[in-house]
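Residue numbers (our numbering): 443 to 683.
Below you'll find the structure, written out as structure tokens, and then a few comments.
As structure tokens, this is what we get:
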């Protein structure tokens, strides 16, 4: 019961965050010209899936710059998930799933759901292990990259400003790790289970299928309830970009 109460508080904090930033956003409406915080945590929500009180269920939690010395910004990470824009000459509205594990996992699930293995034999394979022309592979994978972009850009999300030094012991890493562990249903009694038609049920990773999240790391860990106090302070310090 403690986990359910903590989840209720977590979602109440997300509701407060949504009020502060004018509601959940979508990447298809975001640009780098917005006044993004340099660093933060982001929470993607599942459109059409709600828990109690019409709250959208969380589908992924992420952050950035958890390696000491990293200069990656919050927008850099979100842009990588979103993919290329309309102005990309070669592959408009495509993307690079080898630079975004979120894109990679969504693409894997689409391949499994629709039986597209022969169409995308190298999806998720590192370049160093592919003995074909990279340009040809990118052209081949472009239709699926577009589908992944469409899927991710339609996911509502909320950004939380949390600006501390990059590193594995940062507050951002703490919030990400423990929020995922709190939300995960992996190998435990399910709370707020996913809809039967959730794309992630076709994921190659059992951790994705059973956790209910587009996350693999931390879904099998025990969460620290102190994450809620830390998240609350971060929410209070978040303003609209």
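Ideal placement from N, C-alpha and C gives every residue a C-beta, glycine not left out.
Treat the numbers as computed from the prediction; the structure is a model and nothing was measured.
Which residue or residues does DSSP assign as beta-bridge partners of residue 452?
The partner list for residue 452 (beta bridge, DSSP) is empty, contrary to what the question assumes.
With a threshold of 8 Å, are at least 3 pairs of Cβ atoms found where one atom belongs to the region 656 to 675 and the other to the region 614 to 625?
yes
Counterpart residues of residue 486 in DSSP-defined beta bridges
502, 599
Could you tell me the boundaries of the alpha helix (DSSP H) in which residue 548 lies?
543 to 556
What are the boundary residues of the alpha helix (DSSP H) that includes residue 616?
613 to 625
Please identify the residue among 587, 454, 562, 444 whose C-alpha is closest to the C-alpha of residue 522.
587
Do you know whose CA, among 446, 597, 556, lies nearest residue 471's CA?
597
Given residue 519, which residues of its chain have a CB within under 6 Å of its CB, disregarding the five upstream and five downstream residues?
506
Bridge-paired residues (DSSP) for residue 492
498
Are the Cβ atoms of residue 459 and residue 658 separated by less than 8 Å?
no
Which value, in whole angstroms, describes the spacing of the CA atoms of residue 633 and residue 627?
7 Å
Could you spell out where the alpha helix (DSSP H) holding residue 530 opens and where it closes?
It is not in any alpha helix (DSSP H) - residue 530 carries neither H nor E in the DSSP assignment.
I'd like the span of the alpha helix (DSSP H) that includes residue 517, first residue to last.
516 to 524
Look up residue 565 in the DSSP assignment and say whether it is helix, strand or coil.
coil
Between which two residues does the alpha helix (DSSP H) containing residue 675 stretch?
668 to 678
By a C-beta neighbour count over all protein chains shown, 10 Å radius and 16 as the cutoff for buried, is residue 501 buried or exposed?
buried
Leaving aside the five residues before and after residue 683 along the sequence, list all residues of the same chain whose C-beta is less than 6 Å from its C-beta, in chain order.
476, 477, 478
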